[in-house]
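J.: Let me give you the structure first, and then I'll get to my questions.
There are 2 protein chains.
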Amino acid sequence: MKKLINAPADVLAESLRGVQAAHPELRIDFDERVVLRAEPTRQGKVALVSGGGSGHEPMHGGFVGTGMLDAAAAGEVFTSPTPDQVLAATKAVDAGAGVLHIVKNYTGDVLNFEMAAELAAAEGIRVEAVVVADDVAVEDSTWTAGRRGTGTTVVLEKIVGAAAEEGADLDAVLALAEKVSGNGRSMGVALTSCTVPAAGKPTFDLPDDQMEVGVGIHGEPGRHRVPLASAHEIAAMLVEPILKDFGDASGPAIVLLSGLGGTPLIELYLMYGEVEALLSAAGVEVARSLVGDYITSLDMAGCSLTVVKADDELLRLWDAPVVTPGLRWGA
Amino acid sequence: MKKLINAPADVLAESLRGVQAAHPELRIDFDERVVLRAEPTRQGKVALVSGGGSGHEPMHGGFVGTGMLDAAAAGEVFTSPTPDQVLAATKAVDAGAGVLHIVKNYTGDVLNFEMAAELAAAEGIRVEAVVVADDVAVEDSTWTAGRRGTGTTVVLEKIVGAAAEEGADLDAVLALAEKVSGNGRSMGVALTSCTVPAAGKPTFDLPDDQMEVGVGIHGEPGRHRVPLASAHEIAAMLVEPILKDFGDASGPAIVLLSGLGGTPLIELYLMYGEVEALLSAAGVEVARSLVGDYITSLDMAGCSLTVVKADDELLRLWDAPVVTPGLRWGA
């Protein structure tokens, strides 16, 4: 295992230390492993809390800041945050207008966020939740009942974060979150496995001449293992299941092509060119795009494609100012 | 070789196609392989042109935009752009106030930018050049007389780009570029080799239990090959040669910790925590920082550290608005 780490057990805590050193605009609760904005939530603003296993950086801690999340609970690598962590995050950012939990659809995450919501409710905090389940690769998996939650989460956190910043109330924020969640589809491909520090060896074996189509962000098996293909062919393997699932995919969309951690930008842009051509040919109007590492799987080589159908409301909120370590524009 | 590519010979052209699809605010001259702003240079503004071999994305094409570069000439992977490419870039962006060439110190780059400058001068364009040679690892190398040019280039392009945007004339822009260049030091470490698409196999062999300290951004040998060490130990191997070279490193600085392409953010932030602690202990006041992939070596695992001593002028220009694919804030 070749990684820039010290003891495997210390990876999360030490990485958070680096985030704090690099980002004085954030505040880290090191006991609870929660990333917060340095400034407390503005009174009356709906607060957004997300979180999940670590290893997907910049998601979620890197999306805390003005115009996006208020807090993110960081579980151990590929491990759900505990209810206590989520509760601590929720209590820290509630400013009287309630809290939206943004949860990716993995069994542990869903259970632990639900438990935290109940505990928060018992303390008088109103909590609603949106569960993102956008991965069209598989209907159920080892870690999930129903579809897995992936890249749509990033787009949702940006758009809903803008609405909360503008003063939308919790009902409106929840409705918007459900809309974005329903509009998003994702599909990923792995060229290599990833290596969890505590395990010290690759999560799965993938021969030199094969790739995993429909891989999950923790290295869960996908739809099929196939011979290594060209970027052009891979683009079709990502785009077609998404288009098929949409039925009618025509019209404006926000498109995210995320690296999985071990694939450099020169390849991601090449891949984006292939993907964009296929989407355009199918009548998808790519209104906004993001290419880079936004939702990763440690050091896995590969990429995931997310398409979120958008209308004027979603595009306006997408364009609103955002100041986070992972996404920043307009301010 | 596991990469998201089609034919190895088409990687650069197809990656540029993706950049164009993702960034309508840029214009790509596909014949000359030059990345330009979509809008022509404002009359009377000094234009900044950089470039170099591809494989270091987002550098340089990802730093074209308001507040940073006007154009970047993209050579083939790890290959200097030709004089014709640099000349085309120079002519395309000159707006009557002259052009600054920002060159990393590699023999081919220096020669080809010089030749382009002479050709441009013959056409009546005033060109000045700054050559960045900030890598403290080695004094000479296979590809370089003198020190290699690395991460300080990113900081220089940002700061000098802000000055040019504000209307500084070519003499002032050149003086500022020399100042930033003189203030910067870098050092890198590779945990793995990289694989050039056209070669199809790793550039060098690096056993599973070793790393290359002082590696160059094309996989050039560094100071020494040593057993794989902890992040804490690696941080010292990067920080100490930089501090030693500065002599007195105390005072404010801009610090860039760049991944080399194959190392994910969770490791980079952990590494940054280690580096920042050592720098602070040595009296360096980290006034601004960047952690992420800014100057890469294809899919190499590892990182490079850049420290640029800064004063109020440099920090003010660093904070000025920038809108590029690779760096964006304040606008």
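Chains as they are written, first to last, in my numbering: chain E, 188 to 518; chain H, 188 to 518. The beta-carbon is built from N, C-alpha and C at its ideal position, and this holds for glycine as well.
(1) Looking only at its chain, what residues have a beta carbon closer than 7 Å to the beta carbon of residue 265 of chain E, apart from the 5 residues adjacent to it on each side?
(2) Whose Cβ in chain B lies nearer than 9 Å to the Cβ of residue 332 of chain E?
(3) Is residue 189 of chain H close to chain E, meaning its C-beta is less than 9 Å from at least one C-beta of that chain?
(4) In three-state terms, what does DSSP make of residue 245 of chain H?
(5) To which residues of the same chain is residue 219 of chain H closer than 6 Å at the C-beta, ignoring the five residues directly before and after it?
(6) Roughly how many angstroms lie between the CA atoms of residue 472 of chain H and residue 427 of chain H, to the nearest whole one?
(7) Hey, is residue 266 of chain H's beta-carbon within less than 9 Å of any beta-carbon in chain E?
(8) Should residue 430 of chain H be flagged as near chain E, meaning a C-beta pair shorter than 9 Å?
(9) To the nearest whole angstrom, what separates the beta carbons of residue 292 of chain E and residue 319 of chain E, a pair I think is in contact under 8 Å?
(10) Looking at C-alpha atoms only, which residue of E:316, E:281 and E:307 is the closest neighbour of residue 141 of chain E?
(11) Which word fits residue 440 of chain E, buried or exposed, when buried means at least 16 other C-beta atoms lie within 10 angstroms of its C-beta?
(12) Would the beta-carbon of residue 373 of chain E fall within 9 Å of that of residue 294 of chain E?
(13) Using DSSP's beta-bridge definition, name the partner residues of residue 331 of chain H.
(14) So if DSSP puts residue 210 of chain E in a beta bridge, which residue, or which two residues, is it bridged to?
(15) Could you name the residues of the same chain whose beta carbon sits closer than 7 Å to that of residue 460 of chain H, not counting the 5 residues immediately before and after it, in chain order?
(16) Anyone know if the C-beta pair for residue 495 of chain E and residue 501 of chain E falls short of 9 Å?
(17) The alpha helix (DSSP H) with residue 424 of chain H in it runs from where to where?
(18) Would you mind telling me which residues of chain E sit closer than 8 Å to residue 205 of chain H, beta carbon to beta carbon, in chain order?
(19) Quick one: is residue 190 of chain H buried, meaning 16 or more other Cβ sit within 10 Å of its Cβ, or exposed?
(20) Give the straight-line distance between the Cα atoms of residue 391 of chain E and residue 379 of chain E, rounded to the nearest whole angstrom.
(21) Keeping to the same chain, check which residues put their C-beta closer than 8 Å to that of residue 253 of chain E; ignore five residues upstream and five downstream.
(22) Given this structure, state the Cα-to-Cα distance separating residue 256 of chain H from residue 331 of chain E, to the nearest angstrom.
(23) Assuming contact is defined by CB atoms lying nearer than 9 Å, are residue 342 of chain E and residue 505 of chain E in contact in what I supplied?
(24) For the alpha helix (DSSP H) containing residue 270 of chain H, name the first residue and the last one.
(25) Which residues does DSSP list as the beta-bridge partners of residue 230 of chain E?
(26) Return the first residue and the last residue of the beta strand (DSSP E) that residue 286 of chain H is part of.
(27) Which residues in the same chain as residue 437 of chain H place their Cβ atom closer than 6 Å to its Cβ, once the five residues preceding and following it in sequence are excluded?
(28) Going by beta-carbon coordinates alone, are residue 236 of chain E and residue 261 of chain E separated by less than 9 Å?
(29) Entirely within the segment 426-498 of chain H and at least 3 residues each: give me those beta strand (DSSP E) ranges in chain order.
(30) Show which residues of chain E have a CB atom less than 9 Å away from the CB atom of residue 198 of chain H.
(31) Closer than 7 Å, Cβ to Cβ, to anything on chain E: give me those residues from the segment 498-517 of chain H, in chain order.
(32) Please tell me whether, using a cut-off of 8 Å, the distance from the CB of residue 294 of chain H to the nearest non-hydrogen atom of the ligand PLP is below it.
(33) Check whether the Cβ atoms of residue 375 of chain H and residue 491 of chain H lie closer than 9 Å to each other.
(34) Would you mind telling me which residues of chain H sit closer than 8 Å to residue 485 of chain E, beta carbon to beta carbon, in chain order?
(35) Under 8 Å Cβ-Cβ, which residues of chain H neighbour residue 202 of chain E?
(36) Taking DSSP as the reference, what is the three-state secondary structure of residue 320 of chain H?
T.: Taking the coordinates as given:
(1) Within the same chain, Cβ atoms closer than 7 Å to the Cβ of residue 265 of chain E are found at 240, 242, 383 and 405, the five residues on either side in sequence being excluded.
(2) In the structure shown, chain B does not exist; the protein chains are E and H.
(3) Yes, because at least one Cβ of chain E sits closer than 9 Å to the Cβ of residue 189 of chain H.
(4) Coil.
(5) Cβ within range, chain order: 272 and 275.
(6) Straight-line measurement puts the Cα of residue 427 of chain H at about 16 Å from the Cα of residue 472 of chain H.
(7) Not one beta carbon of chain E lies nearer than 9 Å to the beta carbon of residue 266 of chain H.
(8) False, the Cβ-Cβ gap to chain E never drops below 9 Å.
(9) By a beta-carbon distance limit of 8 Å, residue 292 of chain E contacts residue 319 of chain E. Their separation comes to about 6 Å.
(10) Nothing about residue 141 of chain E can be reported from this structure: the residues present for chain E run from 188 to 518 only.
(11) Under this definition residue 440 of chain E is a buried residue.
(12) No.
(13) Residue 331 of chain H pairs with H:328.
(14) Residue pairing from DSSP leaves residue 210 of chain E without any beta-bridge partner.
(15) Closer than 7 Å at Cβ, skipping near neighbours: no residue.
(16) A contact, by the Cβ cut-off of 9 Å.
(17) Residue 424 of chain H: member of the alpha helix (DSSP H) spanning 418-433, first to last residue.
(18) What residue 205 of chain H touches in chain E: 455, 456, 457, 458, 459, 460, 461, 463 and 478.
(19) By the neighbour-count rule (16 or more Cβ atoms within 10 Å), residue 190 of chain H is buried.
(20) For residue 391 of chain E and residue 379 of chain E, the distance between alpha carbons rounds to 9 Å.
(21) Excluding residues within five positions, the ones whose Cβ falls inside 8 Å are 224, 352, 508, 509, 510, 511 and 518.
(22) Taking the Cα positions, residue 256 of chain H is about 46 Å away from residue 331 of chain E.
(23) Judged by beta-carbon spacing, residue 505 of chain E lies within the 9 Å limit of residue 342 of chain E, meaning their Cβ atoms are closer than that value.
(24) If you look at residue 270 of chain H, you'll find it in the alpha helix (DSSP H) that goes 270-280.
(25) DSSP, once it has assigned bridges, lists no residue as partnering residue 230 of chain E.
(26) Residue range 286-291 is occupied by the beta strand (DSSP E) that includes residue 286 of chain H.
(27) Counting only Cβ-Cβ distances below 6 Å, and skipping sequence neighbours, we find 470.
(28) In terms of Cβ geometry, residue 236 of chain E and residue 261 of chain E do not form a close pair [threshold 9 Å].
(29) Fully contained in the segment 426-498 of chain H are the following beta strand (DSSP E) runs of length 3 or more, in chain order: 438-446, 471-479 and 489-496.
(30) 453, 454 and 457, listed in chain order.
(31) So the close ones are 515 and 516.
(32) Inclusion of the ligand PLP in the displayed structure is not the case, the ligand content being empty and no account of it being possible.
(33) The answer is yes: Cβ separation under 9 Å.
(34) Within chain H, 451 and 453 have C-beta atoms less than 8 Å from the C-beta of residue 485 of chain E, given in sequence order.
(35) The contacting residues are 453, 454, 456, 457 and 460.
(36) DSSP places residue 320 of chain H in coil when its eight states are reduced to three.
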